[in-house]
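Engineer: Take the sequence shown: its letter number 219 is residue 219 in my numbering, and every next letter is one higher.
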Amino acid sequence: MSGTFDIVVIGLGAMGSAALYQLARRGAKVVGIDQFHPPHIHGSTHGETRITRRGIGEGEAYVPLAKRSHEIWRELEAESGAALLHEVGSIIVSEHDDNVVRPGRTGFIRRSIAAAQRYGIAHEILSAEEIRRRFPNLTPNEDEIGYYEPGGGYLVPESCVRVQIEAAQKLGASLQLGQRVIGLDASAQGVVVQLANGTRVSAAEAVVSAGSWAPGLLGAPFADILKPTRQVMHWFALDAAHDRAAWRDAPVFMWPHGDSEDGFFYGFPSLDGQSFKTADEFYGAASDPDHVDRDVPESDSRRMFDAHVRGRLAHAQPKAMRTATCIYTATADSAFLIDRHPLHENVLVVSPCSGHGFKHSAAIGESVAQWVLDGQSAIDLSAFRLGRLIGS
Numbered sequence: 001m002s003g004t005f006d007i008v009v010i011g012l013g014a015m016g017s018a019a020l021y022q023l024a025r026r027g028a029k030v031v032g033i034d035q036f037h038p039p040h041i042h043g044s045t046h047g048e049t050r051i052t053r054r055g056i057g058e059g060e061a062y063v064p065l066a067k068r069s070h071e072i073w074r075e076l077e078a079e080s081g082a083a084l085l086h087e088v089g090s091i092i093v094s095e096h097d098d099n100v101v102r103p104g105r106t107g108f109i110r111r112s113i114a115a116a117q118r119y120g121i122a123h124e125i126l127s128a129e130e131i132r133r134r135f136p137n138l139t140p141n142e143d144e145i146g147y148y149e150p151g152g153g154y155l156v157p158e159s160c161v162r163v164q165i166e167a168a169q170k171l172g173a174s175l176q177l178g179q180r181v182i183g184l185d186a187s188a189q190g191v192v193v194q195l196a197n198g199t200r201v202s203a204a205e206a207v208v209s210a211g212s213w214a215p216g217l218l219g220a221p222f223a224d225i226l227k228p229t230r231q232v233m234h235w236f237a238l239d240a241a242h243d244r245a246a247w248r249d250a251p252v253f254m255w256p257h258g259d260s261e262d263g264f265f266y267g268f269p270s271l272d273g274q275s276f277k278t279a280d281e282f283y284g285a286a287s288d289p290d291h292v293d294r295d296v297p298e299s300d301s302r303r304m305f306d307a308h309v310r311g312r313l314a315h316a317q318p319k320a321m322r323t324a325t326c327i328y329t330a331t332a333d334s335a336f337l338i339d340r341h342p343l344h345e346n347v348l349v350v351s352p353c354s355g356h357g358f359k360h361s362a363a364i365g366e367s368v369a370q371w372v373l374d375g376q377s378a379i380d381l382s383a384f385r386l387g388r389l390i391g392s
């Protein structure tokens with residue numbers, strides 16, 4: 001496919017599929033490019049579930065994005081008939097003083113409460129006893145409390161991506177799938193995208209939402225400030241005596257704990273009645289997205305269980321029924337990066353998510369379409385500009 005478009009979207013994961021849909025909805029002549037066939041298992045947008053909530057402890061700049069995203073998911077459900085958003089509730093469990101060491105998690109409950117109060121988001125503060133009574137799959141210590149948000153829950157990432165791409169196609173968007181981008185040339189006259197099969201795609205503007213492949217595609221300064229890391233998801237078995245209703249009807253949870261930077265994990269209710277998904281976060285050595293080790297040794301799952309699950313989750317067994325890997329692409333401050341390329345005004349970089357972006361992606365796609373087509377977005381994205389990371 002060679003041709004000229006208004007906008008080319010490179011990468012069709014969480015952000016890219018949302019941007020493609022919103023641009024097509026606005027009537028733009030848009031093409032989406034992905035080296036795989038999304039939804040796929042090679043990036044950051046798979047694994048059955050992603051947490052969503054609206055009282056965002058990471059910063060109040062995220063709250064309007066989360067709120068608007070929930071509205072868009074419901075709109076997409078009505079249009080497609082797909083089940084995307086499951087509001088099963090969300091809970092953050094933390095020590096009573098809320099002073100865990102984990103970067104970005106210190107004061108996490110306090111900051112979540114402040115965001116919820118400012119934006120009128122329904123929430124409750126629960127004691128350890130109340131948590132154990134209402135959610136018997138969770139077994140916090142007496143010195144722990146919970147921030148519970150009944151409107152939180154989880155999204156189905158594969159379905160969200162698929163529904164938005166299909167909707168974009170129905171609105172006239174073109175696709176180029178299964179072809180790697182090997183070059184992106186930008187000038188005042190437009191952008192030219194070179195694909196591995198020799199195809200050249202021209203457009204007035206480009207949206208680069210390539211996730212962990214963005215550093216290699218964009219070069220400096222992005223290669224120096226974006227760090228992809230391998231993450232592991234574990235589905236641990238539940239013992240035969242477990243309370244199926246307790247795990248089936250459980251909220252999603254986030255649990256910072258202890259005095260170590262590694263003291264954080266999160267998880268979901270049981271979707272199959274036999275296991276539940278949980279994961280921690282790793283921000284160590286950078287990973288090459290083309291050579292991610294997808295094998296997870298049993299010892300890794302046992303370490304995860306011993307470090308986080310044991311003593312905190314009822315009826316959990318140390319046997320991982322299955323595992324999966326994904327990639328986070330993070331900035332130094334774990335915030336988003338959404339901004340124009342410093343050398344090319346017609347290239348908008350929409351990456352990375354820093355491990356907490358899916359819940360915001362629908363509204364980011366809408367904001368990207370507004371920015372590209374109208375010159376500004378309805379939601380303020382200034383907190384995610386490049387300048388904070390490069391000192392300008």
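All C-beta atoms in this analysis are idealised placements derived from N, C-alpha and C, irrespective of residue type, glycine included.
The structure displayed is predicted, hence computed values, not measured ones.
Pull up the distance between the alpha-carbon of G153 and that of A188, whole angstroms please.
Structural biologist: Cα-Cα distance, rounded: 44 Å.
Engineer: Have a look at M1 and G284 and give me their C-alpha separation to the nearest angstrom.
Structural biologist: Unreliable positioning characterises M1 in this predicted model, as indicated by a pLDDT of 48, which lies under 50. The coordinate reading is nonetheless provided below. Those two C-alpha atoms are separated by around 40 Å.
Engineer: Looking at the C-beta of A240, does it have a partner C-beta in chain C at a distance below 8 Å?
Structural biologist: Among the protein chains of the structure shown there is no chain C, as only one such chain exists.
Engineer: Excluding the 5 residues preceding and the 5 following A116 in the sequence, name in chain order all residues of the same chain whose CB lies nearer than 6 Å to its CB.
Structural biologist: If we look at A116 and ignore the five residues flanking it on each side, its Cβ neighbours are G55 and H123.
Engineer: Can you tell me whether K319 is helix, strand or coil according to DSSP?
Structural biologist: Here K319 sits in strand by DSSP.
Engineer: Looking at C-beta atoms only, is the number of pairs between the segment 35–53 and the segment 76–93 that lie closer than 8 Å three or more?
Structural biologist: Yes, they touch.
Engineer: Excluding the 5 residues flanking G365 on each side, which residues of the same chain have their C-beta closer than 7 Å to its C-beta?
Structural biologist: Excluding positions up to five away in sequence, the list reads M15, A18, A19, Y21 and Q22.
Engineer: Taking the alpha-carbon positions, what's the G43 to G120 distance?
Structural biologist: Whole-angstrom Cα-Cα distance: 34 Å.
Engineer: Could I get the ranges of all uninterrupted alpha helix (DSSP H) runs contained in the segment 281–326, with 4 residues as the minimum, in chain order?
Structural biologist: As far as the segment 281–326 is concerned, its whole alpha helix (DSSP H) runs of at least 4 residues are 298–304.
Engineer: Below 8 Å, how does it come out for the segment 22–37 and the segment 359–374: are there three or more Cβ pairs, yes or no?
Structural biologist: At 8 Å Cβ cutoff, the stretches touch.
Engineer: For P297, is the classification buried or exposed, using 16 other Cβ atoms within 10 angstroms of its Cβ as the cut-off for buried?
Structural biologist: Result: exposed.
Engineer: Suppose you measure from the CA of R111 to the CA of S174; what does that come to, to the nearest Å?
Structural biologist: Rounded to whole angstroms, R111 to S174 spans 42 Å at the Cα level.
Engineer: Quick one, which of G151, A316 and S287 has its alpha-carbon nearest A214's?
Structural biologist: It is S287.
Engineer: Using only CA atoms, which one of L271, E79 and L85 lies nearest to L155?
Structural biologist: For the residues L271, E79 and L85, the minimum Cα distance to L155 belongs to L85.
Engineer: If I measure Cβ to Cβ from A383 and keep anything under 6 Å in the same chain, skipping five residues before and after, which residues do I get?
Structural biologist: These residues qualify, in order along the chain: A61.
Engineer: Under three-state DSSP, which class holds K29?
Structural biologist: It is coil, neither helix nor strand.
Engineer: Hey, could you find the ends of the alpha helix (DSSP H) K396 is sitting in?
Structural biologist: The first residue shown for the chain is 1 and the last is 392, placing residue 396 beyond what the model contains.
Engineer: In its own chain, which residues sit with a C-beta less than 7 Å from the C-beta of R162, not counting the 5 before and 5 after it?
Structural biologist: Answer for R162: P39, listed in chain order.
Engineer: Look up M1 in the DSSP assignment and say whether it is helix, strand or coil.
Structural biologist: At M1, the pLDDT of 48 sits below 50, so the modelled position is not reliable; the number obtained from the coordinates is stated separately. M1 falls in the coil class under three-state DSSP.
Engineer: Taking just the CA atoms, how far does A220 sit from G47?
Structural biologist: Roughly 31 Å between the two C-alpha positions.
Engineer: Given D293, which residues of its chain have a CB within under 8 Å of its CB, disregarding the five upstream and five downstream residues?
Structural biologist: Cβ neighbours of D293 beyond the five flanking positions: R230 and T325.
Engineer: Relative to the C-alpha of R394, which residue among I72, G151, E77 and P64 is closest?
Structural biologist: Coverage of the chain is limited to positions 1 through 392, which leaves residue 394 absent and any answer about it impossible.
Engineer: Decide yes or no for the touch test of the segment 202–217 against the segment 4–15: beta carbon pairs closer than 8 Å, at least 3 of them.
Structural biologist: Touching, yes.
Engineer: Looking only at its own chain, which residues have a Cβ that is under 7 Å from the Cβ of R300, when we skip the five neighbours before and after it?
Structural biologist: Checking the sequence shown, residue 300 turns out to be Asp, not Arg. V232, listed in sequence order.
Engineer: To the nearest angstrom, how far is the alpha carbon of E149 from that of V201?
Structural biologist: Approximately 45 Å, taken between the alpha carbons.
Engineer: Given this structure, state the Cα-to-Cα distance separating M304 from G375, to the nearest angstrom.
Structural biologist: Roughly 46 Å separates the two Cα atoms.
Engineer: Between A167 and the rest of its own chain, which residues show a CB-CB distance below 6 Å, the 5 nearest in sequence each way excluded?
Structural biologist: Cβ within range, chain order: Y21.
Engineer: Can the beta-carbon of P256 be found less than 8 Å from the beta-carbon of I327?
Structural biologist: Taking 8 Å as the Cβ cut-off, P256 and I327 do not qualify as a contacting pair.
Engineer: State the DSSP-derived secondary structure class of S187, mapped to helix, strand or coil.
Structural biologist: The answer is strand: DSSP assigns S187 an E or B state.
Engineer: Can F108 and D97 be called in contact, C-beta distance under 8 Å?
Structural biologist: Not in contact: F108 and D97 (Cβ atoms no closer than 8 Å).
Engineer: Go ahead and label E281 buried or exposed: buried means 16 or more other beta carbons lie within 10 angstroms of its beta carbon, across all protein chains shown.
Structural biologist: Label assigned to E281: buried.
Engineer: Helix, strand or coil for H96, going by three-state DSSP, please let me know.
Structural biologist: In this structure, H96 counts as coil in the three-state DSSP scheme.
Engineer: Based on DSSP bridge pairs, tell me the residues matched to W213.
Structural biologist: Bridge partners of W213: none, in fact.
Engineer: Which same chain residues end up closer than 7 Å to G172 when comparing Cβ atoms and leaving out the 5 residues on each side of it in sequence?
Structural biologist: Within the same chain, G172 has close Cβ partners A24.
Engineer: Following the continuous beta strand (DSSP E) through D339, name the residue where it begins and the one where it ends.
Structural biologist: First-last of the beta strand (DSSP E) with D339: I338 to R340.
Engineer: Cα separation between L217 and F265?
Structural biologist: So the two alpha carbons sit approximately 31 Å from each other.
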